[in-house]
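If you want the working numbering, it's the position in the sequence shown, counting the first as 1, plus 6.
One structure is given here, and the rest of the page talks about it.
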Amino acid sequence: MEKRVGADRAREVLREDYRPFWAAIALGRSSGDAAVEAGVSPSVGVRWFRRAGGMPPTHLSRSSKPPSERYLSFAEREEIAILRAQGHGVRAIARQLGRPPCTISRELRRNVARRHGAPEYRATTAQWHADRSARRPKLAKLAINPALQDYVQDRLAGMIAKPDGLPLVGPKVVWKGRRAVHRQNRRWATAWSPEQISRRLRLDFPEDETMRISHEAIYQALYVQGRGALRRELTACLRTGRALRMPRARARKGRSFIPSEIMISQRPAEAADRAVPGHWEGDLIMGLGSSAIGTLVERTTRFTILLHLPRMTGQEQDARVKNGPALAGHGAEAVRDAITRAIFAMPEQLRRSLTWDQGAELAQHARLKIDAGMQVYFCDPHSPWQRGTNENTNGLLRQYFPKGTDLSMHDADDLEAVALA
7 MEKRVGADRA REVLREDYRP FWAAIALGRS SGDAAVEAGV SPSVGVRWFR
57 RAGGMPPTHL SRSSKPPSER YLSFAEREEI AILRAQGHGV RAIARQLGRP
107 PCTISRELRR NVARRHGAPE YRATTAQWHA DRSARRPKLA KLAINPALQD
157 YVQDRLAGMI AKPDGLPLVG PKVVWKGRRA VHRQNRRWAT AWSPEQISRR
207 LRLDFPEDET MRISHEAIYQ ALYVQGRGAL RRELTACLRT GRALRMPRAR
257 ARKGRSFIPS EIMISQRPAE AADRAVPGHW EGDLIMGLGS SAIGTLVERT
307 TRFTILLHLP RMTGQEQDAR VKNGPALAGH GAEAVRDAIT RAIFAMPEQL
357 RRSLTWDQGA ELAQHARLKI DAGMQVYFCD PHSPWQRGTN ENTNGLLRQY
407 FPKGTDLSMH DADDLEAVAL A
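So this is what it looks like as structure tokens:
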């Protein structure tokens, strides 16, 4: 008995970890980040994601789902019952509730009361039907209908038969691509897509309601093993060739190295009115082959400093080390060191602040603040006019450093001569 209680407790703890994990996945997090938010290791999160086929497990309770307007509420069902009793049609009810007509039509068809002769729509009965249909887990159609399962599997595998019953062998397509090797195993020359199979069922079995399945149910049976007993190797027949459900777009990671306390809105007013010297604006001008030159412009005097950012040794021959310095010469470490050398030679009263765009080359701004002794601020995204002095100077510098040229050919003496011109 104690063993059963312990197992139930462990299962409940696992569900509590599952809920925040899949909620984070729904918000666009990666499996590793979602695992950290759920309090488990990234490797566990990756294993959960792959085991579930990229889809939330169906055994999670309804409370784990976020509130969604996809489903009709009990209040809406009460209003449908009242409007239906008043003689309103499907489209009139849909306009009243702000729902698609197909939603109202499906609700009236599925959840009516049929016990007393003619179908009658009651809100309480409809809610009971909806709650019963939403219970999880429940057996998938493909798991309880062998005829439907065989029909789907044959068409996924491309096993098309002639009118006389003999199988029709389609052409063999040889994949010659180099980038995606897994595509060479695809069998999509004669295979049907899940949506084609779903729609064809209505034509082949017009009177048999048991031979119906949505394309999403077929995808789930392929991605989540045990949902529908479809062979996992049939995923090679899908046109994407994926064995996991991949979100269309995940949320892009923000610039985590830029806290709100150092945005340009927090910059002192003396920097905006140019009354006090010592406030700088900076950026990179880019050239051919990822070559770059750093530019610093003082807002009051327009004094300009050009930063020499030579390529690191071995850029053309050696591959970049993961999490190592950028070989192009304008990585975070190289830019930080170049700014520190240039600014530290200035008097302290001329080292008040530096305003930069949101480029990753200034990711080490905290270290720069300590080394150079000046506060760093960042512009808002896609707002170059907030560094207008620097943008104007960069345009003038293009006379000496045209676009499309290799900027690494200029040494430090060349840059100093241009800055003093």
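Cβ atoms here follow ideal geometry from the backbone N, Cα and C, with glycine treated the same way.
*Start and end residues, alpha helix (DSSP H) containing residue 86*: 80–91
*With a cut-off of 8 Å on the beta carbons, I'd call residue 298 and residue 315 a contact; round off their distance for me.*
5 Å
*Answer yes if the stretch 380–392 comes into contact with the stretch 265–276, meaning at least three C-beta pairs across the two stretches below 8 Å, and no otherwise.*
yes
*Secondary structure at residue 24, three-state DSSP: helix, strand or coil?*
helix
*For the stretch 105–116 and the stretch 153–166, state whether three or more C-beta atom pairs, one from each stretch, are separated by less than 8 Å.*
no
*Separation of residue 203 from residue 165, as counted between CA atoms*: 13 Å
*Measure from the alpha carbon of residue 342 to the alpha carbon of each residue in 301, 355, 211, then state which is nearest.*
301
*What is the residue span of the alpha helix (DSSP H) that residue 287 lies within?*
Unbroken run through residue 287 is the beta strand (DSSP E), 285–292; no alpha helix (DSSP H).
*On the three-state DSSP scale, how would you describe residue 113?*
helix
*Since residue 384 is in the beta strand (DSSP E), which residue starts that stretch and which ends it?*
381–384
*Touching or not, the stretch 278–286 and the stretch 349–359, by the rule of three or more beta carbon pairs under 8 Å?*
yes
*Does DSSP put residue 213 in a helix, in a strand, or in coil?*
coil
*Neighbourhood of residue 48 by C-beta distance below 7 Å, restricted to the same chain and skipping five residues each side*: 38, 41, 42
*Take residue 344 as the anchor and find which of 370, 353, 355, 140 has the nearest alpha-carbon.*
370
_Secondary structure of residue 264, DSSP reduced to three states_ = coil
_Contact set for residue 67: own chain, Cβ-Cβ below 7 Å, skip 5 residues either direction_ = Caution applies to residue 67, whose pLDDT of 41 falls short of 50 and renders its modelled position unreliable; the value that the coordinates give is listed next. The answer is none, since no qualifying residue turns up.
*Can you name, in chain order, every residue of its own chain whose Cβ lies under 7 Å from the Cβ of residue 52, other than the five neighbours on each side?*
37, 38
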